[in-house]
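Take a look at the structure set out below.
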Amino acid sequence: MAIYGISIAMFLLILVIGLFIVRRTGIRSERVITILCVVGFLCQILINWMFWGEGSIYNPFAHAVADQSSLTFLVLCLISIFCYSALLMLLYKANEFYNE
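Throughout, this note's numbering is defined as the position within the sequence shown, counted from one, plus 189.
This is the structure we're talking about:
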């Protein structure tokens, strides 16, 4: 269950960095926030792939590759899409609140 801990830690790290950027940079932070969320999302997909996708062959900490691992990988990717899109909207609203 290390994947959940790593995912939550990375999500919180992106949130804290995003809020720091919103508070410090000002109006031009939307582009930086978008890039930050995209990078976080791509890292999350890579983590999902390493633990549950085909990358689990190369990961000594992952479970054995099974038929259900691809379904689990797709579900985790879908959850990641929803989480990072919600994070992007939260950071956009924080930017709007702090800078207007």
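Every residue gets a Cβ at the ideal spot worked out from N, C-alpha and C, and that includes glycine.
Every value quoted in this text rests on a predicted model; they were computed, and no experiment measured them.
Tell me whether residue i is buried or exposed, calling it buried when 16 or more other Cβ atoms sit within 10 Å of its Cβ.
i	result
F271	exposed
Y273	buried
F286	exposed
C231	Looking at the sequence itself, residue 231 is Leu, so the reference to Cys does not match. Exposed, since its Cβ has fewer than 16 Cβ neighbours within 10 Å.
L267	exposed
Work out the CA separation of residue j and residue i for me, nearest whole Å.
i	j	result
L202	L225	11 Å
V228	I234	10 Å
F240	F200	17 Å
L260	S196	18 Å
V264	I192	14 Å
F262	S269	10 Å
A275	E219	15 Å
M278	N284	10 Å
K282	A198	22 Å
Quick one: give me the first and last residue of the alpha helix (DSSP H) that residue i is part of.
i	result
I224	S218 to W241
G207	A191 to T214
Would you please state the rounded distance, in angstroms, between the beta carbons of residue i and residue j? I believe it to be under 8 Å.
i	j	result
I210	I222	6 Å
G207	N288	The pair is not a contact, with the Cβ atoms about 14 Å apart (cut-off 8 Å).
So, does the CB of residue i fall closer than 8 Å to a CB anywhere in chain B?
i	result
A283	As a matter of chain content, chain B is missing from the structure shown, which is built from one protein chain.
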